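**Student:**
Residue numbers (the working numbering): 13 to 401.
Next comes the structure, spelled out in structure tokens:
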């Protein structure tokens, strides 16, 4: 058995199950689950026909690199969305959702042989970053993100750690905070990269769920600052953008050298995207109408929910994503009591962060995922307000 498995922390949802194991929800109220970031809006209407028209392609093995068409469509999307031009043959690679790509990229990029290697992650964070680093044999340094902007404080990482850092994870828009890095934030991180030589892996899965300005991406920021893509790579997905979490489809783009090595790793990893999934992905990346409709639904929910919660709670309106990062007195007690008394499930913030010498930035926060229909979200928030009262 791989001994590194013993170093993995329990996943947040497993911790939540343990927390609520002996607690029964209020039997007089329908249970509302606000814990998981699983989109519940309608699947794009054109998807069934794509599946029907191309199902025969399941009889063929796909290539790890994907078809020329899917890579071209992804590169065209980057140009339309970010005004970024990439070489579809060298700088783009389809992946089976960003989760597996973030994990496998970490295995392909880190050199931990006979040396102490660090990975820097934002805190709070998407738990895959930590698990990927641990199983690659690296140590982890956490950069806390604080109210009001929730941008990681990279200066909390000691210089002796930076010197040993090979990879920095960025999540913008952030999970769970919804924070978006601006150009100055990127410039500061790029300066650190120039000094210490690490790779930046930018998780941009929530980029299309925003409320005003389009979030900047790592490649776009580099281009605006007249920098190349060296040691910079972005990850994106159709899960949130197109309400297709079960499709397991996304792509990575950036540094051609990183892509080349990642492709080599994936050839052995056995993670080629199904040709049928590629056909669905091609259609989804080329259509923006369903994305606009999707975004409007989230905007409507936030326009209702934020004013309601502000009556009783300390809350910072997120820049993007579908999460709220709510301040409470005690995140574990709040989660238990809210479920027991009002049948609403939320996720304790302390489960999404780690204790550092500067504290646990998730402590006494809860993550609320506004993925359910508007009426259900409003009902859940009314119960949260009743609990406060």
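Idealized CB from N, CA, C, for every residue including glycine.
A quick note: this is a predicted structure, and the numbers were derived from the prediction, not measured.
(1) Which runs of the alpha helix (DSSP H) fall wholly inside the stretch 176-239 and span at least 4 residues, in chain order?
(2) Would you call the CB atoms of residue 384 and residue 52 closer than 8 angstroms?
(3) Can you grab the Cα-Cα spacing for the pair residue 276 / residue 312, in whole Å?
(4) State the Cα-Cα distance for the pair residue 165 and residue 152, rounded to the nearest angstrom.
(5) Consult DSSP for residue 143 and reduce its assignment to one of helix, strand or coil.
(6) One question on the structure: do residue 287 and residue 69 come within less than 8 angstroms of each other, judged by their Cβ atoms?
(7) Note the first and the last residue of the continuous beta strand (DSSP E) segment covering residue 246.
(8) Strictly by DSSP, which residues pair up with residue 106?
(9) If we ignore side chains and look at the alpha-carbon of each, how far apart do residue 154 and residue 139 end up?
(10) Name the residue from 158, 345 and 219 whose alpha carbon lies nearest to the alpha carbon of residue 368.
(11) Rounded to the nearest angstrom, how far is the Cβ of residue 49 from that of residue 381, given a contact under 8 angstroms?
(12) Between the C-alpha atoms of residue 229 and residue 249, what's the straight-line distance to the nearest angstrom?
(13) If you count every other CB in all the chains shown that lies within 10 Å of the CB of residue 13, and 16 or more means buried, which is it?
(14) Is it true that the stretch 100-109 meets the stretch 71-89, where meeting means three or more beta-carbon pairs spaced less than 8 angstroms apart?
(15) Quick check on residue 132: does DSSP put it in helix, strand or coil?
(16) So, residue 130 versus residue 176, is the Cβ gap smaller than 8 angstroms?
(17) Are the CB atoms of residue 397 and residue 320 nearer to each other than 8 angstroms?
(18) Exposed or buried, residue 179, counting other C-beta atoms within 10 Å across all chains shown (16 or more means buried)?
(19) Applying the 10 Å Cβ sphere with the 16-neighbour rule, what's the burial state of residue 253?
(20) Which residues share a DSSP beta bridge with residue 335?
(21) Quick one: any contact between the stretch 180-198 and the stretch 329-343, if contact means 3 or more CB pairs under 8 angstroms?
(22) Report the option in 336, 306 and 93 whose CA atom is closest to the CA atom of residue 318.
(23) Report the three-state DSSP secondary structure of residue 153 (helix, strand or coil).
(24) Would you list the one or two residues that DSSP bridges to residue 368?
(25) Put residue 44 into one of helix, strand or coil per three-state DSSP.
(26) Three or more C-beta pairs under 8 angstroms: does that hold for the stretch 338-348 against the stretch 13-33?
(27) Using the rule of at least 16 other Cβ atoms within 10 Å of the residue's Cβ for burial, across every protein chain shown, is residue 143 buried or exposed?
(28) Tell me the DSSP bridge mates of residue 359?
(29) In or out: residue 308 buried (at least 16 other Cβ within 10 Å) or exposed?
(30) Could you check how far apart the C-beta atoms of residue 119 and residue 150 are, in whole angstroms? I think they sit under 8 angstroms.
(31) Is the beta carbon of residue 352 closer than 8 angstroms to that of residue 35?
(32) Report the CB separation of residue 24 from residue 359 in whole angstroms; it is logged as a contact under 8 angstroms.
(33) Take the Cβ of residue 185 as the centre, count every other Cβ of all protein chains shown within 10 Å, and call the residue buried at 16 or more, exposed below.
**Tutor:** Looking at the atomic coordinates:
(1) 195-208 and 230-236, all fully within the stretch 176-239.
(2) By one-based count along the chain shown, residue 384 stands at place 372. By one-based count along the chain shown, residue 52 stands at place 40. Yes, these two residues count as a Cβ contact at 8 angstroms.
(3) Residue 276 sits at position 264 when you count from the first residue of the chain shown. Residue 312 sits at position 300 when you count from the first residue of the chain shown. Rounded to the nearest angstrom, the two C-alpha atoms are 44 angstroms apart.
(4) Sequence index remark: in the chain shown, residue 165 carries index 153 (1-based). Sequence index remark: in the chain shown, residue 152 carries index 140 (1-based). For residue 165 and residue 152, the distance between alpha carbons rounds to 15 angstroms.
(5) To locate residue 143, count along the chain shown from 1; it is residue 131. Looking at residue 143 - three-state DSSP - the assignment turns out to be helix.
(6) As a position in the chain shown, residue 287 is number 275, starting the count at 1. As a position in the chain shown, residue 69 is number 57, starting the count at 1. Their beta carbons are under 8 angstroms apart, which means residue 287 touches residue 69 by this criterion.
(7) Within the chain shown, the letter at position 234 stands for residue 246. Residues 244-249.
(8) Within the chain shown, the letter at position 94 stands for residue 106. Its beta-bridge partners are 263.
(9) Locating residue 154 in the chain shown gives position 142, where the first residue counts as 1. Locating residue 139 in the chain shown gives position 127, where the first residue counts as 1. Between residue 154 and residue 139, the alpha-carbon positions lie close to 12 angstroms from each other.
(10) Sequence index remark: in the chain shown, residue 368 carries index 356 (1-based). Checking every option, the nearest Cα to that of residue 368 belongs to 158.
(11) Within the chain shown, numbered from 1, the residue matching residue 49 stands at position 37. Within the chain shown, numbered from 1, the residue matching residue 381 stands at position 369. Indeed, because the Cβ distance is near 5 angstroms, the residues count as touching under 8 angstroms.
(12) For the purposes of this step, residue 229 is identified with residue 217 of the chain shown, where counting begins at 1. For the purposes of this step, residue 249 is identified with residue 237 of the chain shown, where counting begins at 1. If I take the Cα positions, the gap works out to 14 angstroms.
(13) Taking the first residue of the chain shown as position 1, residue 13 is located at position 1. Counting the other Cβ atoms within 10 Å of the Cβ of residue 13 gives fewer than 16, which makes it exposed.
(14) The stretch 100-109 makes contact with the stretch 71-89, as at least three CB pairs between them are under 8 angstroms.
(15) On the chain shown, position 120 is the one that residue 132 refers to. Residue 132: strand per DSSP, three-state reduction.
(16) Residue numbering aside, residue 130 sits at position 118 when the chain shown is read from its first letter. Residue numbering aside, residue 176 sits at position 164 when the chain shown is read from its first letter. Yes, Cβ-Cβ distance for residue 130 and residue 176 is below 8 angstroms.
(17) Here residue 397 corresponds to residue number 385 of the chain shown, with the count starting at 1. Here residue 320 corresponds to residue number 308 of the chain shown, with the count starting at 1. Their beta carbons are under 8 angstroms apart, which means residue 397 touches residue 320 by this criterion.
(18) Sequence index remark: in the chain shown, residue 179 carries index 167 (1-based). With 16 or more other Cβ atoms within 10 Å, it is buried.
(19) Here residue 253 is taken as the residue at index 241 of the chain shown, counted from 1. Residue 253 is buried by the Cβ-count criterion.
(20) Walking along the chain shown from the start, residue 335 turns up at place 323. Answer is 381, bridged to residue 335.
(21) yes
(22) Numbered from its first residue, the chain shown carries residue 318 at position 306. Selected option, being the one with the closest Cα: 336.
(23) Here residue 153 is taken as the residue at index 141 of the chain shown, counted from 1. In the structure shown, residue 153 sits in a strand (DSSP, three-state: E or B).
(24) If you number the chain shown from 1, residue 368 lands on position 356. Answer by DSSP bridge pairing, in chain order: 371.
(25) Taking the first residue of the chain shown as 1, we reach residue 44 at position 32. Of the three classes helix, strand and coil, the one that applies to residue 44 here is strand, per DSSP.
(26) yes
(27) Taking the chain shown and counting its residues from 1, one reaches residue 143 at position 131. That one is buried.
(28) The sequence position of residue 359 within the chain shown is 347, counting from 1. In the DSSP assignment, the residues bridged to residue 359 are 379.
(29) Start at 1 with the first residue of the chain shown, and residue 308 comes out as number 296. With fewer than 16 other Cβ atoms within 10 Å, it is exposed.
(30) Looking up residue 119 in the chain shown gives position 107. Looking up residue 150 in the chain shown gives position 138. So it is not a contact: roughly 10 angstroms between Cβ atoms.
(31) On the chain shown, residue 35 is found 23 positions in, with the first residue counted as 1. On the chain shown, residue 352 is found 340 positions in, with the first residue counted as 1. Contact flag set, yes.
(32) Residue numbering aside, residue 24 sits at position 12 when the chain shown is read from its first letter. Residue numbering aside, residue 359 sits at position 347 when the chain shown is read from its first letter. Right, the Cβ-Cβ distance comes to about 6 angstroms (below 8 angstroms), so this counts as a contact.
(33) Taking the first residue of the chain shown as position 1, residue 185 is located at position 173. Classification of residue 185: buried, given that the 10 Å Cβ count is 16 or more.
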